[in-house]
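Residue numbers for the sequence shown, in my numbering: 11 to 589.
C-beta atoms are modelled at their ideal positions from N, C-alpha and C, and glycine is treated no differently.
Since we're looking at a predicted model, the values are computed, not measured.
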Amino acid sequence: MPGLREWLDKTTDTWAPPTAKDLAGPFRYLFWLTRSQARRVALGAFLGTVWMVGLAVPPWVLSRAVDEGLVGRDPGALVQWALVLLGTSVLLAFLSIARHRTMTKIRMDASFRSVRATVWHTSRLGASLARRVSAGEIVTVGIADVHTVAMALTVTGPGVGALIAYAVVAVILFTTSPLLAAVVLAGVPLLVVAVGPFLHRIERTGGEYRVHQGRLTTRLIDVLAGLKVLNGLGGKQFMADQYDEQSQRLVRRGYKVAVPASWVGALSTGLPALFLAAVVWLSARMAATGAITLGEVVAVYGYVAVLVVPVSMFIEGGGDIARARVAGQRIIDLLNLPVARDDERDGGPLPHGSGPLIDPDSGVVVRPGLLTALVAVRTSEAIAVVERLGRVGADADVTWADVRIDAVARAELRSRLVVADNDAEVFAGTVREIVAGRLEPDDHRIQAALRVAVAEDVVEALPDGLDAVLAAGGSDLSGGQRQRIRLARAVYASPDILLAVDPTSAVDANTEAAMIDRIRDARQGTTTVITTMSPLVLDRADEVIVLVDGKVSAVGKHSELLHTDSTYRELVSRAQDGR
Numbered sequence: 011m012p013g014l015r016e017w018l019d020k021t022t023d024t025w026a027p028p029t030a031k032d033l034a035g036p037f038r039y040l041f042w043l044t045r046s047q048a049r050r051v052a053l054g055a056f057l058g059t060v061w062m063v064g065l066a067v068p069p070w071v072l073s074r075a076v077d078e079g080l081v082g083r084d085p086g087a088l089v090q091w092a093l094v095l096l097g098t099s100v101l102l103a104f105l106s107i108a109r110h111r112t113m114t115k116i117r118m119d120a121s122f123r124s125v126r127a128t129v130w131h132t133s134r135l136g137a138s139l140a141r142r143v144s145a146g147e148i149v150t151v152g153i154a155d156v157h158t159v160a161m162a163l164t165v166t167g168p169g170v171g172a173l174i175a176y177a178v179v180a181v182i183l184f185t186t187s188p189l190l191a192a193v194v195l196a197g198v199p200l201l202v203v204a205v206g207p208f209l210h211r212i213e214r215t216g217g218e219y220r221v222h223q224g225r226l227t228t229r230l231i232d233v234l235a236g237l238k239v240l241n242g243l244g245g246k247q248f249m250a251d252q253y254d255e256q257s258q259r260l261v262r263r264g265y266k267v268a269v270p271a272s273w274v275g276a277l278s279t280g281l282p283a284l285f286l287a288a289v290v291w292l293s294a295r296m297a298a299t300g301a302i303t304l305g306e307v308v309a310v311y312g313y314v315a316v317l318v319v320p321v322s323m324f325i326e327g328g329g330d331i332a333r334a335r336v337a338g339q340r341i342i343d344l345l346n347l348p349v350a351r352d353d354e355r356d357g358g359p360l361p362h363g364s365g366p367l368i369d370p371d372s373g374v375v376v377r378p379g380l381l382t383a384l385v386a387v388r389t390s391e392a393i394a395v396v397e398r399l400g401r402v403g404a405d406a407d408v409t410w411a412d413v414r415i416d417a418v419a420r421a422e423l424r425s426r427l428v429v430a431d432n433d434a435e436v437f438a439g440t441v442r443e444i445v446a447g448r449l450e451p452d453d454h455r456i457q458a459a460l461r462v463a464v465a466e467d468v469v470e471a472l473p474d475g476l477d478a479v480l481a482a483g484g485s486d487l488s489g490g491q492r493q494r495i496r497l498a499r500a501v502y503a504s505p506d507i508l509l510a511v512d513p514t515s516a517v518d519a520n521t522e523a524a525m526i527d528r529i530r531d532a533r534q535g536t537t538t539v540i541t542t543m544s545p546l547v548l549d550r551a552d553e554v555i556v557l558v559d560g561k562v563s564a565v566g567k568h569s570e571l572l573h574t575d576s577t578y579r580e581l582v583s584r585a586q587d588g589r
């Protein structure tokens, strides 16, 4: 069916982020997921309806076979209706397969759209994300909540079909017996009402469980990230005991959610069965009095058995929606976190060249084309200057050749200015993918960037070279190796301005000297700023800027400042003693 695929792909291959109206509540968010794949949902509803209504055909065919073939003692009619029953069953099987395939695609599409929306928004939040949402909350949203919300979209297919099938069967029963139709029409709503209180309880207890689940996931991530430190301090067992205690609390909360959920599961099976038994008993009594025929008794049994499917779907769908309201609220809470500034807006262009870059708060002036070293009495002061120069966090009055960098679209700024720090994430992947980052990989340039960072030996030691897969966080590398891979990634980006926070702190003196010499040679004509206390780096810098209490106190070459600035001399002496 290529035409059908093309018809569906017109919707499914496009993606646009949800608007503020789409994030007004869980139901609005579910509607956005539905509307985003409207054609596929319409197909799922059509297939679900045809399949469920079609389930009522075999009982009718069977009743004809009984009345005309068995009771009427007509072998020809019996064979005829048996063949019709076979054909109907095969057709229903194909409809069931098509319905299931379509609904699986709908759930997967909804899941991927939610994941893409959360990734899109978290990337917009940038460095502020970690201060506003815990890592465990993000992990839980991206795994559990996204799946729960996607499952609720099952209602759009079999759910719609269940509603229509229920009405169709009720009409058919009315032609057989108004009394039976009345029982069916009155009985199913009573079943749904009986489940209502449990659905409300699922929402309440599920919300509490979900909050504590996010907190426990955060604790697990923290423990795993600090496992080496905990081993060294001997605190691993203490943290393990704490995690065990909190996980047991979560288990107890899980039981509170499981109780109403299990009742919903039991009632979705048990109540329709009781309902079926009641209607069959009533129809059997009517057959005994001659009100309906034996074939009609068989048909009624089949019709009511068919109703078990939509009734179960009503109940299960209600449970899915109740859980989706809780999970959807967590997703939209994340997506509603405000972005400090609209980074997608158009802004003025950056000037050509690589500076000067000026920070009025500290008085730092980074001259273009130089390797500048930034030294501070307190390391945090130098880092604060780099964060302002690089527009990390809150905006500042920093200018690039008289153009405020907060007046420029962040995408353009990030393509020409890179901040490299030792906390930058190393994502799992091949060395080639990690060094290339968001850019297209070029093996020749990657090798050159690795050489600048003195990281050739790191890659050569790996069995597959550039194709070697590194673990998340670079946990299978040493601290110095991770530092050099991070620097290679920053060099590969080839920015006009590179701001590097102490990029040589975890390597030995020989490697450090080689790194600085190669950075100087590779970045001739561009601007590089390095925060450091290392005399080796300071001696090779074109210019050294000294910060005291966050303000510039001296500027000059390393050799000059050693003779003219006592504060600088003391800082360098202290750094030499500490090595």
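By the Cβ rule, the region 395-409 does not count as touching the region 466-485, because fewer than three pairs are nearer than 8 Å. In this structure, V565 keeps its C-beta atom at 8 Å or more from the C-beta atom of L509.
In the structure shown, V408 adopts coil according to DSSP, grouped into three states. No Cβ-Cβ contact shorter than 8 Å links V464 with Y502. Under DSSP, I507 shares a beta bridge with L427 and T537. Of L460, T185, F324 and R424, the smallest CA-CA separation from R448 is found for R424. Distances from the alpha-carbon of N346 to those of A26, W25 and Y39 put Y39 closest. The C-alpha of A406 lies about 7 Å from the C-alpha of D416. Taking the Cα positions, L460 is about 20 Å away from G535. In the structure shown, R414 adopts extended strand secondary structure according to DSSP, grouped into three states. Counting the other Cβ atoms within 10 Å of the Cβ of E580 gives fewer than 16, which makes it exposed. Nearest neighbour of D552 by Cα position, chosen from V539, M543, F324 and V562, turns out to be V539. The region 61-125 is shown to contain whole alpha helix (DSSP H) runs of 4 or more residues at 67-74, in chain order.
Buried is the label assigned to R335, since at least 16 other Cβ atoms lie within 10 Å of its Cβ. Pairing D77 with P68, the inter-Cα distance amounts to about 14 Å.
In this structure I495 is buried. Its beta-carbon is surrounded by 16 or more other beta-carbon atoms within 10 angstroms.
Counted as a single uninterrupted DSSP element, the alpha helix (DSSP H) harbouring S390 occupies residues T389 to L399. By the neighbour-count criterion, in which a residue is buried when 16 or more other Cβ atoms sit within 10 angstroms of its Cβ, H454 is exposed.
Nearest C-alpha to S99 among P27, A66 and V385: A66. For G373, the CB contacts under 8 Å within the same chain, skipping 5 residues up- and downstream, are K561 and V562 in chain order. Here DSSP, grouped into helix, strand and coil, assigns E466 to helix. Excluding its 5 nearest sequence neighbours in each direction, V63 has C-beta neighbours in its own chain below 6 Å: A175 and V178, listed in chain order.
In this structure, V385 sits near V556, with a CB-CB distance shorter than 8 Å.
Between the alpha carbons of P320 and G171 lies a distance of about 8 Å. Secondary-structure assignment with DSSP links T150 through no beta bridge to anything. When D371, V547 and G327 are compared, the shortest CA-CA separation from D559 is found for D371. If you draw a straight line from the Cα of G264 to the Cα of L548, it is about 58 Å long. For G566, the enclosing beta strand (DSSP E) begins and ends at K561 to G566. Note that the C-beta distance between L381 and R530 is below 8 Å. In the structure shown, the three-state DSSP call for E326 is helix. Under the DSSP assignment, E522 falls in the alpha helix (DSSP H) whose first and last residues are A519 to A532. By the Cβ test, the region 31-49 is in contact with the region 110-123, since at least three Cβ pairs between them sit closer than 8 Å. Bounds of the beta strand (DSSP E) holding E553 are E553 to V558. Minimum Cα-Cα distance from A519 among the listed residues V469, P545 and P505 corresponds to P545. In the three-state reduction of the DSSP assignment, G490 falls in the helix class, which pools H, G and I. The three-state secondary structure of A500, taken from DSSP, is helix.
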